[in-house]
Amino acid sequence: MLSEQDKILRLVRRSKLFVPVNREKFVAKAWTRGADCIILDLEDSVPPSEKASARKMVKDVMPIVGQGGAEIQVRINREFEEEDLDAIVIPGLVSIMIPKCESADEIWLIDEMVTRLEKERGLPMGSIQFDLLIETAVGIVNMESIVKASPRVVQSSIGGVDLARDMGYTRAPDLGYDQFSWAAGKLRFVARAAGVQASGLMPQNDVSFTDTRADPEAILQACRRSFWVGYLGTAAIHPVWCEPINEGFKASSAELDMARRVKAALEEAYARGEGSVAVEGRMYDVANLEHVNNVLERAEFVARREAEKAAAMAAVGAHTQVDSQKSKP
206 MLSEQDKILR LVRRSKLFVP VNREKFVAKA WTRGADCIIL DLEDSVPPSE KASARKMVKD
266 VMPIVGQGGA EIQVRINREF EEEDLDAIVI PGLVSIMIPK CESADEIWLI DEMVTRLEKE
326 RGLPMGSIQF DLLIETAVGI VNMESIVKAS PRVVQSSIGG VDLARDMGYT RAPDLGYDQF
386 SWAAGKLRFV ARAAGVQASG LMPQNDVSFT DTRADPEAIL QACRRSFWVG YLGTAAIHPV
446 WCEPINEGFK ASSAELDMAR RVKAALEEAY ARGEGSVAVE GRMYDVANLE HVNNVLERAE
506 FVARREAEKA AAMAAVGAHT QVDSQKSKP
């Protein structure tokens, strides 16, 4: 059985790109963006008048956006959750993003509905995961029970726009602090204790999730700072974010090199009967060995995920080339 730490390390879902199901031009290009995960959105990006038709599109859209190796997630509407679940719990769905989570009871009920649909449709029981959005004051207060509500929960994040509305926040850069800092900090600890990944950007960054004009280097640095404090990925509403997100939420070459050196030095020290060792003027002991082992193990899972996506992209390219040759007179 995997430990809580192993569950967190193994899940590689750094970049999660929102794609409106009903926008054909976005759907057509989504698979080329390099995202670890595509979030097919049935909620905020779909107007009320189109929700019913968008729901019916999910089945046909899934194979299009997934052909580049991205996992498929769908964000549902809480007010139409039964109708949405009935349409999306099908082969190819990896995860469901549940917005506006406020209590464990809500998660249990959705878990029961998904379990019933998995059974009825011959899907592996318990295979569909949950990604929780906590977006209200009530949700923040109940966060601990929410993230522990179901074994399907693997990721959770703070929905900043809705939380700001619920709290009456105004984004004012001259405040000297970020209004989301406390909630975001709480999420990192609560999620880690539950064996759930915390997803998002560290407050007080120079870029915002909603910024479509952000410089890729600024995005990269924001992601790296967030990675250093325990986040392992974030969502994006613009494809320009995907590449810097993927790069920012993984250990750099220098960090991996240092981890290997510390690991080797500590193992040599243990062989000599010593419990600690100095590397480049800093002392390291058993706690550091556990940390560098986690860093190196996580890097292996990231490399494996990147190889899977590269293989999928190459396969699409090969098929396209074959089809092109067949179409020639």
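Residue numbering for the sequence shown follows my numbering, beginning at 206 and increasing consecutively. Idealized CB from N, CA, C, for every residue including glycine.
Item, Value
"Stretch-stretch touch, CB-based, cutoff 8 Å, three pairs: the segment 442-449 with the segment 461-473", "no"
"Meets three-Cβ-pair contact criterion under 8 Å: the segment 264-281 and the segment 511-519", "yes"
"N-terminal and C-terminal residue of the alpha helix (DSSP H) that S350 is part of", "M348 to V352"
"Nearest to A309 (by Cα), restricted to the options E288, Q334, K353 and Q426", "K353"
"Where the alpha helix (DSSP H) containing P225 begins and where it ends", "That residue, P225, is in no alpha helix (DSSP H); its beta strand (DSSP E) goes S220 to P225."
"Own chain, CB closer than 6 Å to A388, minus 5 neighbours either side, in chain order", "I345 and I363"
"F231 in three-state terms, based on DSSP", "helix"
"Three-state secondary structure (DSSP) of M407", "coil"
"Straight-line gap, L392 to S431 (C-alpha atoms, nearest Å)", "13 Å"
"Buried or exposed (CB count within 10 angstroms, at least 16 for buried), I213", "buried"
"Bridge-paired residues (DSSP) for Y436", "Beta-bridge pairing links Y436 to no other residue."
"Contacting residues, own chain, Cβ-Cβ under 7 Å from V401 (five flanking each side not counted)", "V352, V358, V359, Q360 and S361"
"P304 versus K468: straight-line alpha-carbon distance, rounded", "41 Å"
"Euclidean distance between Cα positions of E286 and I315", "8 Å"
"Per-residue DSSP class, three states only, for L461", "helix"
"Span separating the alpha-carbon of G522 from that of R477", "53 Å"
"Reference M302; option with closest CA among A235, R370, L222 and K230", "L222"
"7 Å Cβ cutoff met for V343 and E311", "no"
"Same chain, Cβ closer than 6 Å to R219, neighbours up to 5 away in sequence not counted", "D241, G438, I450, N451 and F454"
"Per DSSP, the bridge partner or partners of A423", "The partner list for A423 (beta bridge, DSSP) is empty, contrary to what the question assumes."
"Neighbour flag for R218 against chain B, beta carbons, 7 Å", "In the structure shown, chain B does not exist; there is a single protein chain."
"Proximal residues to P408 (C-beta, below 7 Å), its chain only, five neighbours per side dropped", "D383, F385, S386 and A389"
"Exposed unless 16 or more other CB atoms sit within 10 angstroms - verdict on E325", "exposed"
"Exposed unless 16 or more other CB atoms sit within 10 angstroms - verdict on M348", "buried"
"Presumed contact (8 Å Cβ cut-off) between I333 and V294, rounded CB distance", "7 Å"
"Ranges of the alpha helix (DSSP H) found wholly within the segment 268-308, counting only runs of at least 4", "286-293"
"Proximal residues to A396 (C-beta, below 6 Å), its chain only, five neighbours per side dropped", "V352, S361 and A403"
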